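For reference, the structure is listed below as structure tokens.
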Amino acid sequence: MLHRLRFIPGRILQAIPVALGVSILVFLMSHLLPGNPAVAILGNHATPANVAALSKHLGLDKPLWDQYWLFISHLFQGDLGQSLTYQQPVVSLVFSAVPVTLTLVLYALVLSLVISVPLAGWAATGPGRARDLAVRAYTLIGQGMPQFWVGIMLILLLAVRLQIFPVGGYGQGFTDHLYYLFLPALTLAISMCPTIIRSLRASTIQVLGSEYIGTARSKGIAGASLFRVHVLRNAAIPTVSIVGVNLGYLVGGSLVIEHVFAIPGLGSLMINAIFARDFPTIQGVALFVALFVVIVGIVTDIVYTLLDPRVDLANTEAVR
Amino acid sequence: MTTTPAPTLAPVKPARRPARARSLRPWYRNGSLVAGMVIVGALILVAVFAPLLTSYSPTTQDLEASLQGPSAAHWLGTDQFGRDVLTRLIWSTRVDLRIGFIAVLIPFVVGTILGGLAGYFGGWLDTIVMRLVDIFFAFPFYVMVIVLVFVLGAGETSIYLAIATVSWVSYAKIVRGEVLVAKQQDYVMAARLGGFSHLKVLARHIGPNVLSQAIIYAMSDIVQDIMAIVTLGYLGLGIAPPTAEWGSMIADGQQFITTHWEQATIPGLAVVVVSLGLSWLGDGLSDLLSPDRRK
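The listed protein sequences correspond, in order, to chains A and B. Position in the first sequence (first residue = 1) + 153 = my numbering. Position in the second sequence (first residue = 1) + 886 = my numbering.
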């Protein structure tokens, strides 16, 4: 078992240039702002003294390479700059928002799986039948709805009309969070599910037609245990990598959805920062989210290897 | 982040009909293609002839007629400024469809060229392009688009540039994969042995065969771009009011959701119709262009 995880150190090393590239891109964003970056970053607070101080801090009089070096060394000291609206270090703002967004994303992921797995399995047992067509119609329409609009429609139906759920907010305490985050998580799940269902349906149909399922059936295994033990585990493998890739998409979507439901996570932080023209905060959120996606990529590869004994990323590296 | 490992269990769906029968089927018997063409064609006609379809202006306010329900004069009612909702819905097709269709062009060209060169020549070029792909891929679509639109300043040009910066990655990935397969084919080997230059082989022999996948993907990419424009409009970062645009219409309608639910609902349905049309068009094209490996 363990020898198959030998690829992990190499995989992490491989992610380092990508993480560096991400930081270069985020660094360059401040230079895309029109005019002097210090003036543009400070906006309304651009007094000559403030501009001079920030220019010195960012090293604006030095060559671009030195400025980047300064940016990176600040980064390693946990310094992403000072938020202009909140008068706080960006790092502490980001870290207080991360748990909220992370809870929302994981919640959405769980709901997605709870919805997708039965639907995909149900559709796969009768390809071309009415239930299959219904599930496929959902995957088609589900992807065509703007996410934030799905959120508004859920608010309209379940919060305004039926008044089962709150229209927004985050609540106090864990159970409260789960209650408040249900609609936003469901919103994200509704647009995430079509991708998962498509992949899982196709692989389930393939697994159901394979010889080992025939063998299991002939041994008298049927129903839920056949599905759980023999079908799902094998059918899930291609889906894991699809979920991994789309987790970044889920994070991106959650930023907009947080705005719809007024949830105090990274998304609300970023969008409020955009309206306040608070560039350091925007930069900080973008950097954090991108690095998170890089880490998710590594985790996906590990899970993928653990699930499928036939995948040997350690050896494929060696063979090359 | 690297690309995901190649699945050992490729989800190959057994073809329901032999590939040959599918490809020989005339295009007008292809249900998805026809449905997609009809919907997208109708929407384009609506966009082009918008001024002829309604007698109201999409922007002129009439505060005495605000927030009316559907009537003979206003089929879908009026918004909070007394503007005819149907008129604004129709005029929005001009903005949202135009930007969606134009936005797809730059990433298509840039991604196809970079992916094609990386796949064909391999080596350090491939390494550089694929690392760039990984870097850009780390930024979720909306994060990158929202930040870039902020940095570049609001407006249509910024939207094009922001979308181009994010979307070229998918084309590069798809085309590179296609080229890696195509360059092993006998006809490409033969062309090289026949003394054709790399450029000629790429343009004449590989290009036409790999482009179909990029074109099929472009259909879903247009949907994604329209979603981005609508989302930006909803957040107030897109096309500035009073121009009619579905996203800002939904944002306006959300304020009156307790009393006038249809205000936020209807523009969203319009987006769903556009996406359905483009998805079917993509499915149909996929049948038509690569009948032997439809997923």
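Think of the CB as a built atom: it goes at the ideal place given N, C-alpha and C, for glycine as much as any other residue. This one's a predicted model, so the numbers in the text were calculated from it and none came from an experiment.
Taking Gly-1139(B) as reference, the option from Ile-1060(B), Gly-917(B), Gln-966(B) with the minimal CA-CA separation is Gln-966(B). Chain-order list of chain A residues neighbouring Ala-921(B): empty, with the shortest C-beta distance near 11 Å, by a criterion of under 7 Å. Counting C-beta atoms within 10 angstroms of its own C-beta, Ser-1044(B) has 16 or more neighbours from the protein chains shown and is therefore classed as buried.
Using a Cβ distance threshold of 8 Å, Leu-1000(B) and Trp-1054(B) count as a contacting pair. In terms of beta-carbon proximity, Gly-1039(B) lines the interface with chain A, with at least one pair separated by less than 8 Å.
Lys-1059(B): member of the alpha helix (DSSP H) spanning 1042 to 1068, first to last residue. Taking 7 Å as the upper bound on Cβ-Cβ separation, chain A lies near no residue of the region 976 to 997 of chain B. Contact with chain B is found for Ala-443(A), since one of that chain's Cβ atoms lies less than 8 Å from the residue's Cβ. Sequence-distant partners of Trp-913(B) (beyond 5 residues in either direction) whose C-beta falls short of 7 Å from its own C-beta, in its chain, are Leu-919, Leu-1174.
If you ignore the 5 residues before and after Asp-232(A), its C-beta comes within less than 8 Å of the C-beta of Pro-242, Val-244, all in its own chain and listed in chain order. Out of Thr-946(B), Thr-973(B), Gln-947(B), Ser-943(B), the CA that lies nearest to the CA of Pro-956(B) is found in Thr-973(B). In this structure, Gly-1002(B) places its C-beta atom within 8 Å of the C-beta atom of Leu-1088(B). Spatial neighbours of Ser-1176(B) in its own chain (CB-CB distance under 8 Å, excluding positions within 5 residues in sequence) are listed in chain order as Ser-1098, Gln-1099, Ile-1102. Around the C-beta of Lys-1069(B), 16 or more other C-beta atoms lie within 10 Å, and the residue is accordingly described as buried. Between the C-alpha atoms of Pro-280(A) and Ile-358(A) there is a straight-line separation of about 8 Å. Asp-970(B) carries a strand assignment under DSSP once its states are collapsed to helix, strand and coil. Only those residues of the region 1055 to 1089 of chain B whose C-beta falls short of 9 Å from the nearest C-beta of chain A would be listed, and there are none. The C-beta distance from Leu-1047(B) to Leu-1034(B) rounds to 7 Å, short enough to meet the 8 Å contact threshold. Sequence-distant Cβ neighbours of Ser-1161(B) in its own chain, meaning closer than 7 Å and more than five residues away, are Val-1109.
With 16 or more other Cβ atoms inside 10 Å of its own Cβ, Tyr-1028(B) counts as buried.
Interface annotation for the region 1090 to 1108 of chain B against chain A: Ser-1106, criterion Cβ-Cβ distance under 9 Å. Taking a cut-off of 8 Å on C-beta distances, the region 1162 to 1173 of chain B touches the region 921 to 928 of chain B, as three or more cross pairs fall below it.
With a 10 Å radius around the Cβ and a threshold of 16 neighbouring Cβ atoms, Pro-187(A) comes out exposed. Under the Cβ distance rule, Ala-276(A) does not count among the residues neighbouring chain B, no pair being separated by less than 8 Å. Residues of the region 186 to 198 of chain A whose Cβ lies closer than 8 Å to any Cβ of chain B, in chain order: Leu-186, Pro-187.
Taken in chain order, the whole alpha helix (DSSP H) runs of length 4 or more contained in the region 230 to 261 of chain A number zero. Its Cα nearest to that of Ala-928(B), the residue Gly-1163(B) stands out among Gly-1163(B), Asp-948(B), Leu-1171(B). In the three-state reduction of the DSSP assignment, Thr-964(B) falls in the strand class.
Any Cβ of chain B closer than 8 Å to the Cβ of Phe-301(A) would place that residue at the interface, and such an atom is present.
For the C-beta of Met-1113(B), the chain A residues within less than 8 Å are, from N- to C-terminus, Pro-299, Gln-300.
Straight across, the Cα-Cα distance linking Ala-936(B) with Tyr-1006(B) is about 46 Å. Assigned with DSSP and collapsed to three states, Arg-430(A) falls in coil, not helix or strand. Sorting Ala-1156(B), Leu-962(B), Thr-945(B), Gly-1124(B) by C-alpha distance to the C-alpha of Gly-1041(B) places Gly-1124(B) at the top. In terms of Cα proximity to Gly-274(A), the closest of Ala-206(A), His-383(A), Phe-327(A) is His-383(A). Contact between the region 370 to 388 of chain A and the region 286 to 298 of chain A is not established, with fewer than three Cβ pairs separated by less than 8 Å. Secondary structure of Arg-370(A) (DSSP, three-state): helix.
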